[in-house]
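Undergrad: Its first residue numbered 1, the sequence shown is counted upward by one per residue in our numbering.
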Amino acid sequence: MNKLFLTLVLLALSICNLYSQATDPNWLYSDLNRLGILDRNSFVLTPQKPYVYNAYPVFEITVPAGYTEIQVRASLTNFEPGFLLKQNTTYTHHYIPTGVTVNGKKQYKAMGTFDTPVIASWNGSAWVFGINGLTSTDAVEFPWLCTTFSGGTGGVTYLAQIEYFVYRTCTTGAAADAEWGLGSGDPDPWVYIANQTAVPGDNKQYKRQKWNSATSLTSQLASPVTPIKQIDTATAAGTIGTSGNITVTVTGALVTGSPLVVNVAATAADTASVWAGKVRVALATLHHANIHDYIVGGTDTSISLTAREAAANDTTLNIALANGTTTGVVAAATSANTTEGRAGIASTPGYKVIFQPSRGNLGAAEWMQQNKDKLVWIYQVENVAGKPKHPNGSDVWNSMVPTEWRTNRIELFTP
Numbered sequence: 001m002n003k004l005f006l007t008l009v010l011l012a013l014s015i016c017n018l019y020s021q022a023t024d025p026n027w028l029y030s031d032l033n034r035l036g037i038l039d040r041n042s043f044v045l046t047p048q049k050p051y052v053y054n055a056y057p058v059f060e061i062t063v064p065a066g067y068t069e070i071q072v073r074a075s076l077t078n079f080e081p082g083f084l085l086k087q088n089t090t091y092t093h094h095y096i097p098t099g100v101t102v103n104g105k106k107q108y109k110a111m112g113t114f115d116t117p118v119i120a121s122w123n124g125s126a127w128v129f130g131i132n133g134l135t136s137t138d139a140v141e142f143p144w145l146c147t148t149f150s151g152g153t154g155g156v157t158y159l160a161q162i163e164y165f166v167y168r169t170c171t172t173g174a175a176a177d178a179e180w181g182l183g184s185g186d187p188d189p190w191v192y193i194a195n196q197t198a199v200p201g202d203n204k205q206y207k208r209q210k211w212n213s214a215t216s217l218t219s220q221l222a223s224p225v226t227p228i229k230q231i232d233t234a235t236a237a238g239t240i241g242t243s244g245n246i247t248v249t250v251t252g253a254l255v256t257g258s259p260l261v262v263n264v265a266a267t268a269a270d271t272a273s274v275w276a277g278k279v280r281v282a283l284a285t286l287h288h289a290n291i292h293d294y295i296v297g298g299t300d301t302s303i304s305l306t307a308r309e310a311a312a313n314d315t316t317l318n319i320a321l322a323n324g325t326t327t328g329v330v331a332a333a334t335s336a337n338t339t340e341g342r343a344g345i346a347s348t349p350g351y352k353v354i355f356q357p358s359r360g361n362l363g364a365a366e367w368m369q370q371n372k373d374k375l376v377w378i379y380q381v382e383n384v385a386g387k388p389k390h391p392n393g394s395d396v397w398n399s400m401v402p403t404e405w406r407t408n409r410i411e412l413f414t415p
């Protein structure tokens with residue numbers, strides 16, 4: 001009886017503990033960092049609730065074949081514009097509409113000003129921006145149309161600029177974007193791309209690599225490259241004067257026993273085309289033993305080796321011709337690299353990137369907390385020919401939602 005009672009008590013405590021875990025927000029989000037290390041087989045999952053404070057969204061974007069640039073934007077769900085306020089050369093405030101109308105004009109709040117909101121509104125005769133007594137007497141409908149300012153900090157030049165997005169970045173060098181700077185622009189998003197130059201079958205090279213924000217994504221993506229098989233050609237010259245052996249020396253990274261010396265019998269009066277044929281036959285007999293990675297070829301006076309597989313050019317590949325016990329051969333120490341070899345890079349139907357904004361832009365703290373129920377995230381791809389267009393000529397933008405909200409920077413696993 002005591003054992004049964006103890007078992008029931010322990011079972012009840014376990015149920016209570018599971019319930020408290022399932023209802024405790026701290027427990028629910030304790031696994032937010034579970035993807036601190038990712039490899040190419042990792043899954044990216046959405047948290048159990050959208051209300052993840054101080055976390056940044058993670059997106060997976062599939063880029064169609066042929067496109068090598070990405071632009072990402074986020075705006076309020078109603079796409080209503082706000083504005084940026086610049087002091088001298090630096091954007092310092094990012095205002096968004098509050099939905100309130102004051103004295104017949106819309107009101108705006110600077111993002112990230114939680115405890116003491118910075119409000120821009122029309123007081124009936126001037127736009128008031130909520131910082132250091134800054135005002136503008138321009139009788140305009142919207143604050144970004146203001147051109148003259150008074151108050152504020154002495155010696156500081158002010159400028160207001162319309163902004164439709166709360167976040168923007170692009171992989172064409174956001175850090176050098178002089179127009180947007182550190183306003184809504186993100187100078188260092190965390191973009192990871194698949195290594196398209198990886199050697200097939202080498203799993204260590206199938207990893208994602210960090211996009212370098214100082215350059216375009218194009219330079220870090222490999223364009224499709226047609227593979228080329230290397231061909232080296234020697235040219236026979238001279239008529240055999242004394243019968244004997246011609247010395248043929250074959251070198252190369254894939255030649256077994258390199259440098260490989262082959263003695264080829266020749267007869268007096270053999271012309272260059274005749275003894276070249278004998279060299280081709282002699283080399284072909286070595287196919288399985290020494291030069292199995294090449295196909296022996298050529299016609300008339302030419303003697304060639306063609307790589308069976310396309311690969312990077314082997315600068316050591318060479319066919320040297322010389323007299324051994326013969327006379328009459330015009331020595332040729334170097335053959336011609338008639339076709340340079342090149343490894344191919346396959347064209348892919350598209351590749352995926354993992355994209356995560358950084359903390360480097362104005363209002364990040366606020367749009368983080370707005371999460372997916374308050375923002376619309378969109379992206380656009382581009383190539384050298386431009387952006388995809390709708391039939392009416394407008395740019396194609398694609399919507400996306402975060403696959404996860406993370407509190408830390410993604411770290412990718414390198415095997």
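In this text, a Cβ means the ideal position worked out from N, Cα and C, and glycines have one as well.
Does DSSP put Ala139 in a helix, in a strand, or in coil?
TA: Residue state, collapsed to three classes: coil.
Undergrad: Within the continuous alpha helix (DSSP H) that includes Ser75, where are the two ends?
TA: Here Ser75 belongs to no alpha helix (DSSP H); instead the beta strand (DSSP E) covers Glu69 to Leu76.
Undergrad: Counting Cβ pairs closer than 8 angstroms, one from the segment 259-267 and one from the segment 277-292, do we hit at least three?
TA: Contact between the segment 259-267 and the segment 277-292 is present, because at least three Cβ pairs lie under 8 angstroms.
Undergrad: Run through the DSSP bridge pairs and tell me what Lys105 is partnered with.
TA: Lys105 is bridged to Val102.
Undergrad: Taking the alpha helix (DSSP H) that Lys278 belongs to, which residues open and close that run?
TA: Element bounds for Lys278: Ala272 to Ala284.
Undergrad: Below 6 angstroms CB to CB, which residues in the same chain sit around Lys352 once its five sequence neighbours on both sides are set aside?
TA: Answer for Lys352: Glu60 and Thr62, listed in chain order.
Undergrad: Consult DSSP for Trp144 and reduce its assignment to one of helix, strand or coil.
TA: The answer is helix: DSSP assigns Trp144 an H, G or I state.
Undergrad: Determine, using beta-carbon pairs with one atom in the segment 225-234 and one in the segment 304-316, whether at least three such pairs fall under 8 angstroms.
TA: Touching, yes.
Undergrad: Candidates Thr325, Thr316, Trp405 and Ala343: which alpha carbon is nearest Gln356's?
TA: If we check each option's Cα against that of Gln356, Trp405 comes out closest.
Undergrad: In the structure shown, what three-state DSSP assignment does Glu366 receive?
TA: The answer is helix: DSSP assigns Glu366 an H, G or I state.
Undergrad: Assuming Leu317 contacts Ala234 (C-beta within less than 8 angstroms), just tell me the rounded distance between them.
TA: Their Cβ separation, rounded to whole angstroms, is 11 angstroms, which puts Leu317 and Ala234 out of contact at 8 angstroms.
Undergrad: For Gly151 versus His94, is the C-beta spacing smaller than 8 angstroms?
TA: No, Cβ-Cβ distance for Gly151 and His94 is not below 8 angstroms.
Undergrad: Give a yes or no on whether the C-beta atoms belonging to Trp127 and Thr135 are separated by under 8 angstroms.
TA: A contact, by the Cβ cut-off of 8 angstroms.
Undergrad: My assumption, with CB atoms under 8 angstroms, is that Gly238 sits in contact with Val330. Please give the rounded CB distance.
TA: Between Val330 and Gly238 the Cβ distance is about 4 angstroms, and since that is below 8 angstroms, they are a contact.
Undergrad: Please name the residue or residues paired with Thr249 in a DSSP beta bridge.
TA: Answer by DSSP bridge pairing, in chain order: Val261 and Ala320.
Undergrad: What residues are listed by DSSP as bridge partners for Phe149?
TA: None, per the DSSP bridge assignment.
Undergrad: According to DSSP, what are the bridge partners of Asn161?
TA: Here residue 161 is Gln; the residue named in the question, Asn, does not match the sequence. Leu84, per the DSSP bridge assignment.
Undergrad: Ordered along the chain, which non-local residues of its own chain (more than five positions away) have a Cβ less than 6 angstroms from that of Pro189?
TA: Around Pro189: Thr169, Pro357 and Ser358.
Undergrad: Leaving out the 5 sequence neighbours to the left and right, which residues in its chain are closer than 8 angstroms to Gly104 when beta-carbon positions are compared?
TA: So the qualifying residues of the chain are Trp122.
Undergrad: Of the choices Thr299, Val100 and Thr301, whose alpha-carbon is the least far from that of Ile119?
TA: Comparing Cα positions, the closest option is Val100.
Undergrad: Would you please verify whether the beta carbon of Val255 is less than 8 angstroms from any beta carbon of chain B?
TA: Within the model displayed, chain B is absent; a lone protein chain is all it includes.
Undergrad: Using 10 angstroms around the beta-carbon of Asn361, count the other beta-carbons present and answer buried if the total reaches 16, otherwise exposed.
TA: Label assigned to Asn361: buried.
Undergrad: Determine the DSSP secondary structure at Thr403, reduced to helix, strand or coil.
TA: Correct three-state label for Thr403: coil.
Undergrad: Please classify Val396: is it buried, with 16 or more other beta-carbons within 10 angstroms of its beta-carbon, or exposed?
TA: The residue is exposed, with fewer than 16 neighbouring Cβ atoms inside 10 Å.
Undergrad: Looking only at C-alpha atoms, which of Val140, Pro388 and Asn398 sits nearest to Gly66?
TA: Nearest of Val140, Pro388 and Asn398 to Gly66, Cα basis: Pro388.
Undergrad: What is the DSSP secondary structure of Pro57, reduced to helix, strand or coil?
TA: Here Pro57 sits in strand by DSSP.
Undergrad: Can you name the start and end residues of the beta strand (DSSP E) that Gly386 belongs to?
TA: Per DSSP, Gly386 belongs to no beta strand (DSSP E) and is neither H nor E.
Undergrad: Which residues does DSSP list as the beta-bridge partners of Val296?
TA: The partner list for Val296 (beta bridge, DSSP) reads Leu305.
Undergrad: Under 7 angstroms Cβ to Cβ from Val9, same chain only, skipping five residues before and after it: list those, please.
TA: With a pLDDT of 42 at Val9, under the threshold of 50, the predicted position of this residue should be treated as unreliable, and no value is reported.
Undergrad: Leaving out five residues before and five after Thr23 in sequence, what residues of the same chain have Cβ atoms less than 8 angstroms from its Cβ?
TA: In this predicted model, Thr23 has a pLDDT of only 35, less than 50, meaning its place in the structure is not dependable; the value taken from the coordinates is given anyway. Nothing listed; no residue qualifies.
Undergrad: Give the DSSP bridge partners of Ser121, in chain order.
TA: Ser121 is bridged to Val128.
Undergrad: Between the Cα of Ala236 and the Cα atoms of Pro57, Ala272 and Thr247, which residue gives the shortest distance?
TA: Of the candidates Pro57, Ala272 and Thr247, the one whose C-alpha sits nearest the C-alpha of Ala236 is Ala272.
Undergrad: My guess is that Ile240 and Ala276 are in contact by the Cβ rule of under 8 angstroms, so how many angstroms apart are they, rounded?
TA: At roughly 11 angstroms, the Cβ-Cβ gap does not stay under 8 angstroms, so Ile240 and Ala276 are not in contact.
Undergrad: Do you know how far the Cα of Glu163 is from the Cα of Val72?
TA: In a straight line, the C-alpha of Val72 is about 14 angstroms away from that of Glu163.
Undergrad: Report the option in Thr242, Thr256 and Leu305 whose CA atom is closest to the CA atom of Ala268.
TA: Among Thr242, Thr256 and Leu305, the Cα nearest to that of Ala268 belongs to Thr242.
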